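One structure below.
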Amino acid sequence: MTHRRLTGRRLVLATHNAGKLRENAALLAEYGIAVEGAKALGLPEPAETATTFLGNAGIKALAAARATGDVALADDSGFSLAALDGAPGVYTADWAETPEGTRDYAAGMAKVERLARHATDRRAWFSCALVLAWPDGHTEGFLGEAHGVWIWPPRGDRGFGFDPMFQPEGHSETFGEMAPEAKHAISHRAAAFRLLAAACLTKGEEQE
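Numbering follows my numbering, in which position 59 of the sequence shown is assigned residue number 160; successive positions increment by one, without gaps.
Right under this line is the structure:
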């Protein structure tokens, strides 16, 4: 399969989530790609009406690319439990939604624990879809996962979202306890980014 390569050195990151903006910007820095977030550009958040991570990431990436005329990268991610048949999954952010329209991830994590507390199966995983979109409508999508177990009570104040209740395989720390560089090496976002980079990115010195 032939993928479209990114030739520019600038991307719009189609997210209003500061944590996703920070992590994706760090991954792109190695490739000399400057990024600007959708919030800083005043772009609205489109309705995420798809039922898959790749579908929702595509909606966001295409909206940002068409609004700005630049290539855009969008991220859609979520937390899943085997004991809940993969929930909350693509609806992870909705589980943290408050009546005021904000997100309370501590309440979201408490909901997960309340529903799964009597389960013996502790398997959990994070999924991340990354979609690059061009203004002409072309997209490239990639899906990565990180597997481990869910823990309670949550531990750590690093990361964001449901990170404090996820302990990845082979590690004693949660994503919420890990230093950013340690999480970046093994995360679902890093797994998706490795696929994207191999297919679509070129380091600066390789372009010369």
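In this text, a Cβ means the ideal position worked out from N, Cα and C, and glycines have one as well.
Remember, it's a predicted structure, so these values are computed and weren't measured experimentally.
Worksheet item: Within 10 angstroms of its Cβ, does Met279 collect 16 or more other Cβ (buried), or is it exposed?
Response: When all chains shown are included, Met279 counts as buried.
Worksheet entry | Gly138 burial status per 10 Å Cβ neighbour count (16 or more: buried) | Its Cβ being crowded by 16 or more others within 10 Å, Gly138 is buried.
Item to complete: Report the option in Gly262, Asp258, Lys284 and Glu214 whose CA atom is closest to the CA atom of Glu270.
Response: Its Cα nearest to that of Glu270, the residue Lys284 stands out among Gly262, Asp258, Lys284 and Glu214.
Item to complete: With DSSP as the reference, label Ala135 as helix, strand or coil.
Response: Residue state, collapsed to three classes: strand.
Worksheet item: Do the segment 244-259 and the segment 203-218 touch if we need at least three Cβ pairs shorter than 8 Å?
Response: By the Cβ criterion, the segment 244-259 is in contact with the segment 203-218, since at least three pairs of Cβ atoms, one from each stretch, lie closer than 8 Å.
Item to complete: Ignore the nearest five residues each way along the sequence and tell me which others in Gly187's own chain have a CB closer than 6 Å to its CB.
Response: Contacts found: Ser181.
Worksheet item: When the distance is taken between beta carbons, is Arg105 closer than 8 Å to Glu241?
Response: Closer than 8 Å, so yes.
Item to complete: Go to Glu214, then tell me how far its alpha helix (DSSP H) extends in each direction, as first and last residue.
Response: Run containing Glu214: Tyr206 to Ala217, per the alpha helix (DSSP H) assignment.
Fill in: Cβ-Cβ separation, Val172 to Leu233 (assumed contact under 8 Å), whole Å
6 Å between Cβ atoms; contact.
Worksheet item: Thinking just about the alpha-carbon of each residue, which of Thr108, Met266 and Ala194 is nearest to the one in Ala225?
Response: For Ala225, the nearest C-alpha among the options comes from Met266.
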